[in-house]
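*Asks:* Here the sequence shown is numbered in our numbering, starting from 1221 and rising by one per residue. Note that CB positions come from ideal geometry on N, CA and C, so glycine has one too. Keep in mind that this is a model prediction, so the values were computed, not measured.
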Amino acid sequence: MIRDLHPVRHPVDHLVRRVGDHLALLRPTHAAKSLVAISIGPALMLGQATLPTLVTLAGTIALFVLASSAVYVVNDLADIERDRLHPKKRLRPLASGAVAPATALWMLAGLAACMVALAVALPPLIGMIVGLYLVCNLAYSLALKHTPIVEMLIVAAGFALRTASGYVAFGLVPHPWVIATVLAGSLLLTIGKRRAELQRAHDSAEHRPVLAHYSQPLLDAYLLVAGIACFAASLAVLVDTLDSVNRPALVFVSLPFVIYLFQRYLLLAFAGTGTGNPTRLLLGDRVTHVVLAAWAAALVVAAMLGDVMLDGWVALEAGGALS
């Protein structure tokens, strides 16, 4: 066990630090992943929201946050010795000795109890989706993390399952193109992360043995295939969504922004920067934020201009009919 190099003298500080170590084991900051992935479908169907569906949606997000925390605990327990060999992950609560494995097991039991209680209050299909997510991730933690390709697909499937549960919370059938977009997009980010890890192989080879099965040219090819799949699926979602609100012309406004965002990610990936942590990439890249804001503004302006042109056309037709 790694000894604490920074002993805390004050009892209150000691308590705060212990609580912080236990919370760090649960990765609370990663709850944003569940929030975003589950909210994709409901965001597209916001007009169909009711109070019961919003309550169900909140419960679904909470259930997946608990489930993902449980997965992190299991994964850290399984990797405790390997994490100690990693320059950064050795500082994790279990690897550093800040949290004992027995304590982690008690925390895992508490998470399981909360999940069961919450799942009983939600539609059965949501519980089944979360159960499938847990089974897949348990298999990942115990064995499949060492199987090339499969390990990346399991990570991506976890996000697709989250998105599907958001639709179910609203009482809707999951949109196949949305699920395909999330699956391909998550795979794109996961491949980018593996590529970044491979570039730091001298630090991470012992920590993630599956990297021995990959090469940079192979991951570059995977990255391009996943990017093309994600772009095609997202374009299908865009066309379908705008067509459903009688705004098909906005596809042409959106297309340059969609293309740029994909190229921006590939730029970061092939430049070898920013892909080690996909969450940090999405939340921290200012260029991406500016492009998203510009895209939203362009859609608003184009929609307003479209309404003005349509009103003018109707007025012209009405004037011609009167004459």
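(1) Give the secondary structure of residue 1474 by DSSP, where H, G and I count as helix, E and B as strand, and everything else as coil.
(2) Pop quiz: residue 1488 and residue 1447 are said to be a contact at Cβ under 8 angstroms. What is the actual Cβ separation, rounded to whole angstroms?
(3) Assign residue 1365 to one of two classes, buried (16 or more other C-beta atoms within 10 Å of its C-beta) or exposed (fewer than that).
(4) Can you tell me where the alpha helix (DSSP H) holding residue 1448 begins and where it ends?
(5) Below 8 angstroms between beta carbons: does that hold for residue 1504 and residue 1395?
(6) Compare the Cα-Cα distances from residue 1523 to each of 1484, 1474 and 1479 and report the closest residue.
(7) Can you tell me whether residue 1275 is buried or exposed, with buried defined as 16 or more other CB within 10 angstroms of its CB?
(8) For residue 1270, name the three-state secondary structure that DSSP assigns.
(9) With a Cβ-Cβ cutoff of 8 angstroms, do residue 1287 and residue 1350 count as a contact?
(10) Suppose you measure from the CA of residue 1340 to the CA of residue 1483; what does that come to, to the nearest Å?
(11) Give the C-beta separation of residue 1415 and residue 1436 to the nearest angstrom, bearing in mind that I take them to be a contact with Cβ-Cβ under 8 angstroms.
(12) Grouping DSSP H, G and I as helix and E and B as strand, with all else coil, what is residue 1307?
(13) For residue 1266 and residue 1255, I'd like the C-alpha separation in whole angstroms.
(14) Measure the C-alpha to C-alpha separation of residue 1630 and residue 1428 and round it to an integer number of angstroms.
(15) Output the distance between the C-alpha atoms of residue 1363 and residue 1521, rounded to the nearest integer angstrom.
(16) Assign residue 1257 to buried or exposed, taking buried as 16 or more other Cβ atoms, counted over all protein chains shown, within 10 Å of its Cβ.
(17) Residue 1180: buried (16+ other C-beta within 10 angstroms of its C-beta) or exposed?
(18) Taking the alpha-carbon positions, what's the residue 1345 to residue 1352 distance?
(19) State the start and end residues of the unbroken alpha helix (DSSP H) segment that holds residue 1416.
(20) Measuring only from the beta carbon, is residue 1385 closer than 7 angstroms to any heavy atom that is part of the ligand GDP?
(21) Taking only the alpha-carbon atoms, compute the straight-line gap between residue 1317 and residue 1271 and give it to the nearest angstrom.
(22) What residues in its chain sit with their C-beta under 6 angstroms from that of residue 1251, if we drop five residues either side in the sequence?
(23) In whole angstroms, give me the CA-to-CA distance for residue 1464 and residue 1518.
(24) Helix, strand or coil for residue 1508, going by three-state DSSP, please let me know.
(25) To the nearest whole angstrom, what separates the beta carbons of residue 1397 and residue 1456, a pair I think is in contact under 8 angstroms?
(26) Could you give the distance in angstroms between the alpha-carbon of residue 1445 and the alpha-carbon of residue 1323?
*Replies:* The relevant details are as follows:
(1) Here the question's residue 1474 lines up with position 254 in the sequence shown. Residue 1474: helix per DSSP, three-state reduction.
(2) Mapped onto the sequence shown, residue 1488 falls at position 268. Mapped onto the sequence shown, residue 1447 falls at position 227. Not a contact, Cβ separation roughly 12 angstroms.
(3) Within the sequence shown, numbered from 1, the residue matching residue 1365 stands at position 145. The residue in question, residue 1365, is buried, as its Cβ has 16 or more Cβ neighbours within 10 Å.
(4) Sequence index remark: in the sequence shown, residue 1448 carries index 228 (1-based). Segment 1436-1464, the alpha helix (DSSP H) holding residue 1448.
(5) Position 284 of the sequence shown holds residue 1504. Position 175 of the sequence shown holds residue 1395. No. Outside cutoff.
(6) Here residue 1523 is taken as the residue at index 303 of the sequence shown, counted from 1. When each option's Cα is compared against that of residue 1523, the closest is 1474.
(7) Here residue 1275 is taken as the residue at index 55 of the sequence shown, counted from 1. Exposed.
(8) Stepping through the sequence shown from its first residue, residue 1270 is reached at position 50. Residue state, collapsed to three classes: coil.
(9) Indexing the sequence shown from 1 puts residue 1287 at position 67. Indexing the sequence shown from 1 puts residue 1350 at position 130. Yes; because the gap between Cβ atoms is below 8 angstroms, this pair is in contact.
(10) Residue mapping note: residue 1340 aligns to position 120 of the sequence shown, counting from 1. Residue mapping note: residue 1483 aligns to position 263 of the sequence shown, counting from 1. Cα to Cα, residue 1340 sits roughly 44 angstroms from residue 1483.
(11) What you label residue 1415 is simply residue 195 of the sequence shown in a count that begins at 1. What you label residue 1436 is simply residue 216 of the sequence shown in a count that begins at 1. Indeed, because the Cβ distance is near 7 angstroms, the residues count as touching under 8 angstroms.
(12) Stepping through the sequence shown from its first residue, residue 1307 is reached at position 87. Residue state, collapsed to three classes: coil.
(13) Position 46 of the sequence shown holds residue 1266. Position 35 of the sequence shown holds residue 1255. Roughly 15 angstroms separates the two Cα atoms.
(14) In the structure as shown, the chain starts at 1221 and stops at 1543, and residue 1630 therefore has no counterpart that could be examined.
(15) Against the sequence shown, residue 1363 aligns to sequence position 143. Against the sequence shown, residue 1521 aligns to sequence position 301. Going by the C-alpha atoms only, they are around 51 angstroms apart.
(16) Sequence index remark: in the sequence shown, residue 1257 carries index 37 (1-based). Result: buried.
(17) Nothing can be reported for residue 1180: it is not among the residues displayed for the chain, which extend from 1221 to 1543.
(18) In the sequence shown, counting from the first residue as 1, residue 1345 sits at position 125. In the sequence shown, counting from the first residue as 1, residue 1352 sits at position 132. Taking the straight line joining both Cα atoms gives about 11 angstroms.
(19) In the sequence shown, residue 1416 corresponds to position 196, counting from 1. Its alpha helix (DSSP H) spans residues 1396-1419.
(20) As presented, the structure is devoid of all ligands, the ligand GDP included, so that no description of it is given.
(21) For the purposes of this step, residue 1317 is identified with residue 97 of the sequence shown, where counting begins at 1. For the purposes of this step, residue 1271 is identified with residue 51 of the sequence shown, where counting begins at 1. Distance between the alpha carbons of residue 1317 and residue 1271 is about 45 angstroms.
(22) Within the sequence shown, residue 1251 is the residue found at index 31, counting from 1. So the list reads 1285, once near-sequence residues are dropped.
(23) For the purposes of this step, residue 1464 is taken as the residue at position 244 of the sequence shown. For the purposes of this step, residue 1518 is taken as the residue at position 298 of the sequence shown. Approximately 19 angstroms, taken between the alpha carbons.
(24) Within the sequence shown, the letter at position 288 stands for residue 1508. The answer is helix: DSSP assigns residue 1508 an H, G or I state.
(25) Locating residue 1397 in the sequence shown gives position 177, counting from the first residue. Locating residue 1456 in the sequence shown gives position 236, counting from the first residue. Residue 1397 to residue 1456, Cβ: 4 angstroms. Contact.
(26) In the sequence shown, residue 1445 corresponds to position 225, counting from 1. In the sequence shown, residue 1323 corresponds to position 103, counting from 1. Going from the Cα of residue 1445 to the Cα of residue 1323 covers about 43 angstroms.
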